[in-house]
Amino acid sequence: MAKIVIALGGNALGKNPTEQQDMIEKGVPSIVSLIKQGHEVVISHGNGPQVGMIKLAFDTANEINKKVAKFELQECTAMSQGYIGYHLQKGLKKELTKQGLNLNVTGIITQIEVDKNDDAFKNPTKPIGSFYSKEDADKLAKENPTLIFKEDSGRGYRQMVASPKPINIVEKEAIVELVKNKFVVVACGGGGIPVVKNQQGDYEGIPAVIDKDFASAKLAELIDADYLFILTAVDRVAINFGKENQELLKNITVDEANKYAAEGHFAPGSMLPKVQAAIQFVQSKPERRAVIASLEKAPLAMEGKSGTTIQ
Numbered sequence: 049m050a051k052i053v054i055a056l057g058g059n060a061l062g063k064n065p066t067e068q069q070d071m072i073e074k075g076v077p078s079i080v081s082l083i084k085q086g087h088e089v090v091i092s093h094g095n096g097p098q099v100g101m102i103k104l105a106f107d108t109a110n111e112i113n114k115k116v117a118k119f120e121l122q123e124c125t126a127m128s129q130g131y132i133g134y135h136l137q138k139g140l141k142k143e144l145t146k147q148g149l150n151l152n153v154t155g156i157i158t159q160i161e162v163d164k165n166d167d168a169f170k171n172p173t174k175p176i177g178s179f180y181s182k183e184d185a186d187k188l189a190k191e192n193p194t195l196i197f198k199e200d201s202g203r204g205y206r207q208m209v210a211s212p213k214p215i216n217i218v219e220k221e222a223i224v225e226l227v228k229n230k231f232v233v234v235a236c237g238g239g240g241i242p243v244v245k246n247q248q249g250d251y252e253g254i255p256a257v258i259d260k261d262f263a264s265a266k267l268a269e270l271i272d273a274d275y276l277f278i279l280t281a282v283d284r285v286a287i288n289f290g291k292e293n294q295e296l297l298k299n300i301t302v303d304e305a306n307k308y309a310a311e312g313h314f315a316p317g318s319m320l321p322k323v324q325a326a327i328q329f330v331q332s333k334p335e336r337r338a339v340i341a342s343l344e345k346a347p348l349a350m351e352g353k354s355g356t357t358i359q
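Just so you know, we're using this note's numbering here: the sequence shown kicks off at 49 and counts up by one.
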């Protein structure tokens with residue numbers, strides 16, 4: 049039996065509540081299959097599209113009616129944790145019951161400490177929200193000079209926000225206790241709510257979005273997980289992606305992963321942070337492994353029949 053942290057991508061969770069519930073219903077059987085194999089599972093998730101949608105909704109409503117308050121990114125992340133976590137809890141409990149497993153599922157509103165002096169605050173690189181054409185992005189930036197838009201992986205322009213690295217998880221003890229008591233836990237949603245310590249030692253929220261893969265790696269490290277599963281749209285990581293000499297990777301070492309990353313095989317906006325987060329977790333303690341795989345084939349990845357394992 050292993051302890052596994054599973055990181056789900058926000059882009060794989062749909063663009064609206066109906067689509068999200070449909071996507072979760074299709075995805076949870078794979079997660080429950082891992083639980084049925086006897087593994088302890090903690091689930092984290094992204095929120096890039098969802099947090100951008102929530103922020104845009106309140107900003108737009110505020111422009112129309114000043115009685116509607118604007119919300120900072122940290123509050124929008126908290127809302128996305130509740131919204132996505134609710135659907136995951138519901139979907140997981142339904143599938144657990146269907147497969148004859150009498151387990152409780154719970155979600156934790158999770159704060160993650162970051163360094164207020166992190167260089168990421170000077171260079172926003174984390175894409176959130178919808179994709180825009182260059183014309184629409186330029187128009188939005190002109191209307192609101194505080195917004196920064198950049199091209200994202202050839203799919204259009206998205207708003208960019210600061211993405212500091214996680215250094216601690218405020219609720220880690222609660223997560224550990226729940227796992228010990230056989231709960232299936234949903235935590236660190238959207239990379240967690242970014243907080244910093246003030247001069248009094250209290251936590252304060254800060255506008256940013258933490259990368260969910262790095263947050264998941266930190267979560268896996270702090271709860272002493274054996275595996276970090278980063279589940280995405282592809283079955284295996286590839287080098288020379290999209291070229292005639294494309295090669296799918298099955299098992300690689302940290303040194304090989306670092307070499308391929310340095311050679312530019314992994315796109316900065318998509319696969320690179322996943323590989324970097326996997327490396328971070330594997331290096332945190334001997335015998336830890338990270339797997340990058342598709343959600344549908346996660347149980348097969350546990351058996352080495354799919355996915356890319358980094359060790």
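All C-beta atoms, glycine included, are put in the ideal place defined by N, C-alpha and C.
Since this is a predicted model, take the numbers as computed values, not measurements.
Of the residues the options, the one placed nearest residue i, counting alpha carbons only
{"i": "T66", "options": "V76, I132 and I52", "result": "I132"}
{"i": "D70", "options": "L195, E111, L140 and F106", "result": "L140"}
{"i": "K63", "options": "P97, G86 and H87", "result": "P97"}
{"i": "K213", "options": "A222, K198, L226 and K266", "result": "K266"}
{"i": "T301", "options": "F314, V323 and V282", "result": "V323"}
{"i": "R327", "options": "S318, D107 and A338", "result": "Inspection of the sequence shows that residue 327 is occupied by Ile rather than by Arg. Minimum Cα distance to I327 is reached at A338."}
{"i": "A256", "options": "Q147, M208, Q85 and M350", "result": "M208"}
{"i": "K146", "options": "E183, V80 and R203", "result": "V80"}
{"i": "A310", "options": "L270, I287 and I83", "result": "I287"}
{"i": "D283", "options": "L61, V76, M319 and Y134", "result": "M319"}
{"i": "I176", "options": "G58, G312, E344 and H313", "result": "G58"}
{"i": "E73", "options": "I102, N110 and Q137", "result": "Q137"}
{"i": "K82", "options": "G202, K307, D166 and E143", "result": "Contrary to the premise, residue 82 reads as Leu rather than Lys in this sequence. Checked all of G202, K307, D166 and E143; the closest Cα to L82 is E143."}
Beta strand (DSSP E) segment containing residue i, residue limits
{"i": "N216", "result": "P214 to I217"}
{"i": "H93", "result": "E88 to H93"}
{"i": "L121", "result": "No beta strand (DSSP E) holds L121; the alpha helix (DSSP H) holding it covers L121 to K146."}
{"i": "Q159", "result": "Q159 to V162"}
{"i": "Q328", "result": "Counting along the chain, Q328 falls outside any beta strand (DSSP E), though it belongs to the alpha helix (DSSP H) covering M319 to Q331."}
{"i": "I278", "result": "Y275 to T280"}
{"i": "V232", "result": "V232 to V234"}
{"i": "L56", "result": "K51 to L56"}
{"i": "K245", "result": "I241 to K245"}
{"i": "K307", "result": "Element bounds for K307: not the beta strand (DSSP E) but the alpha helix (DSSP H), V302 to A310."}
{"i": "E199", "result": "F197 to E199"}
{"i": "K174", "result": "K174 to Y180"}
{"i": "A341", "result": "R337 to S342"}
{"i": "V209", "result": "Y205 to V209"}
{"i": "G155", "result": "V153 to G155"}
{"i": "T356", "result": "T356 to I358"}
Buried/exposed call for residue i, threshold 16 Cβ in 10 Å
{"i": "P334", "result": "exposed"}
{"i": "S181", "result": "exposed"}
{"i": "I215", "result": "exposed"}
{"i": "K174", "result": "buried"}
{"i": "P193", "result": "exposed"}
{"i": "K228", "result": "exposed"}
{"i": "N150", "result": "exposed"}
{"i": "G148", "result": "exposed"}
{"i": "S92", "result": "buried"}
{"i": "E304", "result": "exposed"}
{"i": "I156", "result": "buried"}
{"i": "L296", "result": "exposed"}
{"i": "K198", "result": "exposed"}
{"i": "P347", "result": "buried"}
{"i": "A315", "result": "exposed"}
{"i": "S78", "result": "buried"}
{"i": "E252", "result": "exposed"}
{"i": "A281", "result": "exposed"}
{"i": "G86", "result": "exposed"}
{"i": "M49", "result": "exposed"}
{"i": "E183", "result": "exposed"}
{"i": "I112", "result": "exposed"}
{"i": "K170", "result": "exposed"}
{"i": "N95", "result": "buried"}
N-terminal and C-terminal residue of the alpha helix (DSSP H) that residue i is part of
{"i": "V257", "result": "No alpha helix (DSSP H) contains V257, which DSSP labels as neither H nor E."}
{"i": "G75", "result": "P65 to K84"}
{"i": "Q98", "result": "G96 to I112"}
{"i": "P347", "result": "A346 to M350"}
{"i": "K228", "result": "K220 to K228"}
For residue j and residue i, believed in contact at Cβ under 8 Å, the rounded distance
{"i": "S264", "j": "A210", "result": "In fact, because the Cβ distance is near 19 Å, the residues do not count as touching under 8 Å."}
{"i": "A268", "j": "V89", "result": "Actually they do not touch by this definition, with Cβ atoms about 11 Å apart."}
{"i": "S128", "j": "G237", "result": "7 Å"}
{"i": "G355", "j": "A341", "result": "3 Å"}
Query raised in the report: Is the segment 146-166 close to the segment 232-247, with three or more CB pairs under 8 Å?
Result: The count of Cβ pairs closer than 8 Å, one atom from the segment 146-166 and one from the segment 232-247, reaches three, so the stretches are in contact.
### Message
Any contact between the segment 246-258 and the segment 178-192? By contact I mean 3 or more CB pairs, one from each, below 8 Å.
### Response
By the Cβ rule, the segment 246-258 does not count as touching the segment 178-192, because fewer than three pairs are nearer than 8 Å.
**Prompt:** Would the segment 248-266 and the segment 286-305 be scored as touching if the rule is three or more Cβ pairs under 8 Å?
**Reply:** No contact exists between the segment 248-266 and the segment 286-305.
- Cβ contact (3+ pairs, closer than 8 Å) linking the segment 117-127 and the segment 97-106: Contact holds: three or more Cβ-Cβ distances are below 8 Å.
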